[in-house]
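Some notes on the structure that comes next.
Residue numbers (the UniProt record's numbering): 1 to 225.
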(Lines of atoms letter the chains of each structure in order from A and count residues from 1; the text may use other names and numbers.)
(Lines give C-alpha, C1' and ligand atoms only; values in the text may rest on other atoms or scores of the structure.)
Protein backbone atom coordinates (compact mmCIF):
# COMPACT_ATOMS: atom_id res chain seq x y z
CA UNK A 1 0.00 0.00 0.00
CA UNK A 2 1.28 3.50 -0.83
CA UNK A 3 1.78 6.18 1.77
CA UNK A 4 -0.99 8.70 2.28
CA UNK A 5 -0.19 12.29 1.34
CA UNK A 6 -0.48 14.57 4.42
CA UNK A 7 -1.21 17.55 2.13
CA UNK A 8 -4.10 15.79 0.37
CA UNK A 9 -7.26 17.89 0.44
CA UNK A 10 -10.01 15.91 2.13
CA UNK A 11 -12.74 18.51 2.64
CA UNK A 12 -13.78 21.99 1.54
CA UNK A 13 -16.26 23.40 4.05
CA UNK A 14 -17.41 26.97 3.47
CA UNK A 15 -14.06 28.78 3.11
CA UNK A 16 -12.05 26.16 5.00
CA UNK A 17 -9.91 23.51 3.30
CA UNK A 18 -8.90 20.56 5.48
CA UNK A 19 -6.05 18.21 4.66
CA UNK A 20 -5.14 14.65 5.58
CA UNK A 21 -2.69 15.89 8.22
CA UNK A 22 -5.57 17.56 10.08
CA UNK A 23 -7.14 14.15 10.68
CA UNK A 24 -3.84 12.96 12.14
CA UNK A 25 -3.82 15.92 14.55
CA UNK A 26 -7.32 15.06 15.75
CA UNK A 27 -6.52 11.36 16.00
CA UNK A 28 -3.68 11.88 18.44
CA UNK A 29 -2.87 14.05 21.46
CA UNK A 30 -1.61 17.01 19.44
CA UNK A 31 -1.87 20.82 19.54
CA UNK A 32 -4.71 22.00 17.26
CA UNK A 33 -3.80 24.06 14.22
CA UNK A 34 -5.54 27.07 12.67
CA UNK A 35 -7.44 25.01 10.10
CA UNK A 36 -9.19 22.80 12.64
CA UNK A 37 -10.20 25.77 14.76
CA UNK A 38 -11.43 27.65 11.69
CA UNK A 39 -13.43 24.61 10.58
CA UNK A 40 -15.19 24.23 13.91
CA UNK A 41 -15.83 27.97 14.20
CA UNK A 42 -17.36 27.87 10.73
CA UNK A 43 -19.43 24.87 11.81
CA UNK A 44 -20.71 26.77 14.88
CA UNK A 45 -21.41 29.93 12.89
CA UNK A 46 -24.56 28.43 11.43
CA UNK A 47 -26.38 28.77 14.76
CA UNK A 48 -27.19 32.51 14.45
CA UNK A 49 -26.44 35.50 12.22
CA UNK A 50 -26.08 37.59 15.40
CA UNK A 51 -22.97 35.58 16.36
CA UNK A 52 -19.57 36.01 14.74
CA UNK A 53 -16.81 33.48 15.28
CA UNK A 54 -13.68 35.08 13.89
CA UNK A 55 -11.24 32.79 12.00
CA UNK A 56 -7.78 32.45 13.61
CA UNK A 57 -6.01 34.10 10.67
CA UNK A 58 -8.25 37.19 10.92
CA UNK A 59 -7.84 37.43 14.70
CA UNK A 60 -4.06 37.14 14.26
CA UNK A 61 -4.04 39.92 11.65
CA UNK A 62 -6.12 42.21 13.87
CA UNK A 63 -3.86 41.63 16.85
CA UNK A 64 -0.72 42.33 14.80
CA UNK A 65 -1.99 45.06 12.49
CA UNK A 66 0.76 47.64 11.84
CA UNK A 67 0.62 50.62 14.18
CA UNK A 68 -0.43 53.79 12.38
CA UNK A 69 -2.38 51.99 9.65
CA UNK A 70 -6.16 52.20 9.92
CA UNK A 71 -8.04 49.01 10.74
CA UNK A 72 -11.38 50.37 9.56
CA UNK A 73 -11.36 48.94 6.03
CA UNK A 74 -10.00 45.62 7.27
CA UNK A 75 -12.73 45.26 9.91
CA UNK A 76 -15.69 46.53 7.86
CA UNK A 77 -16.50 43.10 6.30
CA UNK A 78 -16.90 41.66 9.82
CA UNK A 79 -19.84 44.00 10.60
CA UNK A 80 -18.82 44.06 14.26
CA UNK A 81 -21.39 46.70 15.36
CA UNK A 82 -24.20 44.43 14.14
CA UNK A 83 -23.14 41.38 16.14
CA UNK A 84 -24.53 40.51 19.57
CA UNK A 85 -21.77 38.04 20.31
CA UNK A 86 -18.25 37.94 18.85
CA UNK A 87 -15.73 35.20 19.61
CA UNK A 88 -12.03 35.54 18.83
CA UNK A 89 -9.42 32.76 19.10
CA UNK A 90 -6.23 34.13 20.71
CA UNK A 91 -2.81 32.71 19.87
CA UNK A 92 0.48 33.59 21.57
CA UNK A 93 2.42 33.69 18.31
CA UNK A 94 4.58 36.84 18.16
CA UNK A 95 6.13 36.09 14.77
CA UNK A 96 4.07 38.02 12.21
CA UNK A 97 5.80 36.15 9.38
CA UNK A 98 4.35 32.84 10.60
CA UNK A 99 0.57 32.96 10.83
CA UNK A 100 0.33 29.31 11.89
CA UNK A 101 2.83 29.51 14.74
CA UNK A 102 2.41 29.84 18.48
CA UNK A 103 2.06 27.33 21.30
CA UNK A 104 -1.11 28.29 23.18
CA UNK A 105 -4.75 29.09 22.36
CA UNK A 106 -7.33 30.97 24.42
CA UNK A 107 -10.66 32.68 23.72
CA UNK A 108 -11.86 36.28 23.87
CA UNK A 109 -15.63 36.83 23.70
CA UNK A 110 -17.53 40.11 23.36
CA UNK A 111 -21.12 40.14 24.65
CA UNK A 112 -23.08 43.21 23.61
CA UNK A 113 -25.75 43.37 26.32
CA UNK A 114 -23.14 43.49 29.07
CA UNK A 115 -20.79 45.55 26.85
CA UNK A 116 -17.83 43.46 27.99
CA UNK A 117 -15.01 41.37 26.60
CA UNK A 118 -14.33 38.12 28.48
CA UNK A 119 -11.05 36.24 28.22
CA UNK A 120 -11.13 32.47 28.85
CA UNK A 121 -7.67 30.93 29.19
CA UNK A 122 -7.19 27.26 30.08
CA UNK A 123 -3.61 27.86 31.26
CA UNK A 124 -3.74 30.40 34.10
CA UNK A 125 -4.02 33.51 31.96
CA UNK A 126 -0.98 32.72 29.86
CA UNK A 127 -2.44 34.63 26.89
CA UNK A 128 -3.74 37.65 28.78
CA UNK A 129 -1.20 40.03 27.19
CA UNK A 130 -2.18 38.85 23.70
CA UNK A 131 -5.90 39.00 24.50
CA UNK A 132 -5.56 42.57 25.76
CA UNK A 133 -3.67 43.48 22.59
CA UNK A 134 -6.56 42.27 20.44
CA UNK A 135 -9.07 43.96 22.76
CA UNK A 136 -7.24 47.28 22.41
CA UNK A 137 -7.22 46.86 18.62
CA UNK A 138 -10.98 46.26 18.21
CA UNK A 139 -12.64 47.93 21.18
CA UNK A 140 -13.31 51.21 19.37
CA UNK A 141 -14.92 49.36 16.42
CA UNK A 142 -17.63 47.51 18.36
CA UNK A 143 -20.22 50.32 18.08
CA UNK A 144 -21.41 52.56 15.25
CA UNK A 145 -21.15 55.55 17.58
CA UNK A 146 -17.85 56.98 18.78
CA UNK A 147 -19.67 58.36 21.85
CA UNK A 148 -20.88 54.93 22.98
CA UNK A 149 -19.59 53.59 26.29
CA UNK A 150 -16.33 51.76 25.76
CA UNK A 151 -16.60 48.00 26.39
CA UNK A 152 -14.48 46.78 29.30
CA UNK A 153 -12.10 43.84 29.48
CA UNK A 154 -12.59 41.04 32.01
CA UNK A 155 -10.24 38.14 32.77
CA UNK A 156 -12.26 35.01 33.60
CA UNK A 157 -10.19 33.55 36.42
CA UNK A 158 -12.68 30.71 36.92
CA UNK A 159 -12.17 29.32 33.39
CA UNK A 160 -11.71 25.51 33.19
CA UNK A 161 -8.03 24.56 33.21
CA UNK A 162 -6.33 22.04 30.95
CA UNK A 163 -4.60 19.00 32.42
CA UNK A 164 -1.87 18.70 29.78
CA UNK A 165 0.21 20.78 27.38
CA UNK A 166 -1.72 20.24 24.15
CA UNK A 167 -5.50 20.54 24.71
CA UNK A 168 -5.74 24.36 24.82
CA UNK A 169 -7.30 24.51 21.34
CA UNK A 170 -9.94 21.98 22.33
CA UNK A 171 -10.80 24.08 25.39
CA UNK A 172 -11.30 27.05 23.06
CA UNK A 173 -13.68 25.00 20.90
CA UNK A 174 -15.55 23.54 23.87
CA UNK A 175 -15.99 26.95 25.51
CA UNK A 176 -17.04 28.53 22.21
CA UNK A 177 -19.66 25.80 21.77
CA UNK A 178 -21.12 26.38 25.24
CA UNK A 179 -21.15 30.16 24.79
CA UNK A 180 -23.06 29.76 21.52
CA UNK A 181 -25.45 27.36 23.23
CA UNK A 182 -25.90 29.85 26.07
CA UNK A 183 -26.73 32.56 23.55
CA UNK A 184 -29.46 30.38 22.04
CA UNK A 185 -30.98 29.82 25.48
CA UNK A 186 -30.25 33.16 27.17
CA UNK A 187 -33.84 34.43 27.07
CA UNK A 188 -34.71 31.62 29.47
CA UNK A 189 -31.95 32.59 31.91
CA UNK A 190 -32.54 36.33 31.99
CA UNK A 191 -29.32 38.21 32.72
CA UNK A 192 -27.42 35.11 33.82
CA UNK A 193 -24.15 34.76 31.92
CA UNK A 194 -22.45 31.58 30.65
CA UNK A 195 -19.69 31.32 33.27
CA UNK A 196 -21.22 28.73 35.57
CA UNK A 197 -22.27 26.51 32.65
CA UNK A 198 -18.79 26.64 31.16
CA UNK A 199 -17.12 26.00 34.50
CA UNK A 200 -19.38 23.06 35.27
CA UNK A 201 -19.60 21.45 31.84
CA UNK A 202 -16.25 22.01 30.12
CA UNK A 203 -14.47 19.17 31.89
CA UNK A 204 -11.33 17.23 30.86
CA UNK A 205 -13.60 14.33 29.87
CA UNK A 206 -15.81 16.50 27.65
CA UNK A 207 -12.77 18.15 26.08
CA UNK A 208 -11.08 14.80 25.38
CA UNK A 209 -14.24 13.51 23.68
CA UNK A 210 -14.29 16.50 21.34
CA UNK A 211 -11.39 15.11 19.31
CA UNK A 212 -13.48 12.16 18.18
CA UNK A 213 -16.61 14.30 17.82
CA UNK A 214 -14.91 16.75 15.46
CA UNK A 215 -13.19 13.92 13.63
CA UNK A 216 -16.58 12.29 13.11
CA UNK A 217 -18.11 15.55 11.86
CA UNK A 218 -15.32 15.95 9.32
CA UNK A 219 -15.64 12.36 8.10
CA UNK A 220 -19.42 12.75 7.76
CA UNK A 221 -18.88 15.83 5.59
CA UNK A 222 -16.13 14.31 3.44
CA UNK A 223 -17.21 13.40 -0.09
CA UNK A 224 -17.72 9.69 -0.68
CA UNK A 225 -15.11 8.23 -3.02
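Using N, Cα and C, we set each Cβ at its ideal position, and we do this for glycine too.
Keep in mind the model is a prediction, meaning the values are calculated, not measured.
Cβ-based neighbour list, residue i, same chain, cut-off 7 Å, excluding 5 preceding and 5 following
| i | result |
| --- | --- |
| residue 25 | 32, 33 and 36 |
| residue 150 | 139 |
| residue 11 | 18, 218, 221 and 222 |
| residue 166 | 29, 30 and 31 |
| residue 44 | 53, 176, 177 and 180 |
| residue 55 | 38 and 41 |
| residue 194 | 178, 179 and 182 |
Host beta strand (DSSP E) of residue i (start-end)
| i | result |
| --- | --- |
| residue 80 | That residue, residue 80, is in no beta strand (DSSP E); it is neither H nor E in DSSP. |
| residue 117 | 116-120 |
| residue 10 | 9-13 |
| residue 224 | Note, residue 224: premise wrong, no beta strand (DSSP E); not H, not E. |
| residue 110 | 105-111 |
| residue 53 | 51-53 |
Backbone CA spacing between residue i and residue j [nearest angstrom]
| i | j | result |
| --- | --- | --- |
| residue 59 | residue 134 | 8 Å |
| residue 98 | residue 122 | 23 Å |
| residue 216 | residue 202 | 20 Å |
| residue 1 | residue 211 | Since pLDDT at residue 1 reaches only 47, below the 50 mark, its modelled position is unreliable, and the value read off the structure follows with that caveat. Using only the alpha carbons, I get a separation of about 27 Å. |
| residue 214 | residue 196 | 24 Å |
| residue 13 | residue 67 | 34 Å |
| residue 186 | residue 192 | 7 Å |
| residue 65 | residue 205 | 37 Å |
| residue 107 | residue 147 | 27 Å |
| residue 16 | residue 9 | 11 Å |
Cβ neighbours of residue i in the same chain (closer than 6 Å, five flanking residues each side left out)
| i | result |
| --- | --- |
| residue 22 | 35 and 36 |
| residue 230 | Since the first and last residues shown for the chain are 1 and 225, residue 230 lies out of range. |
| residue 130 | 90 and 92 |
| residue 172 | 89, 105 and 107 |
| residue 7 | 19 |
Beta-carbon proximity of residue i to residue j, cut-off 8 Å
| i | j | result |
| --- | --- | --- |
| residue 226 | residue 104 | Residue coverage of the chain in this structure runs from 1 to 225, which leaves residue 226 outside it and unanswerable. |
| residue 156 | residue 162 | no |
| residue 85 | residue 109 | yes |
| residue 142 | residue 71 | no |
| residue 207 | residue 174 | yes |
Residue interval of the alpha helix (DSSP H) (run including residue i)
| i | result |
| --- | --- |
| residue 154 | Residue 154 -> not in any alpha helix (DSSP H); beta strand (DSSP E) instead, spanning 152-155. |
| residue 218 | 204-221 |
| residue 140 | Neither: residue 140 is in no alpha helix (DSSP H) and is coded neither H nor E. |
| residue 36 | 34-44 |
| residue 195 | 195-201 |
| residue 148 | Counting along the chain, residue 148 falls outside any alpha helix (DSSP H), and DSSP gives it neither H nor E. |
| residue 27 | 20-27 |
| residue 56 | 56-63 |
Close-in-space but distant-in-sequence residues of the same chain around residue i (CB under 8 Å, 5 per side omitted)
| i | result |
| --- | --- |
| residue 124 | 161 |
| residue 4 | 20 |
The segment 150-165 / the segment 78-97 touching (three or more Cβ pairs under 8 Å): No contact exists between the segment 150-165 and the segment 78-97.
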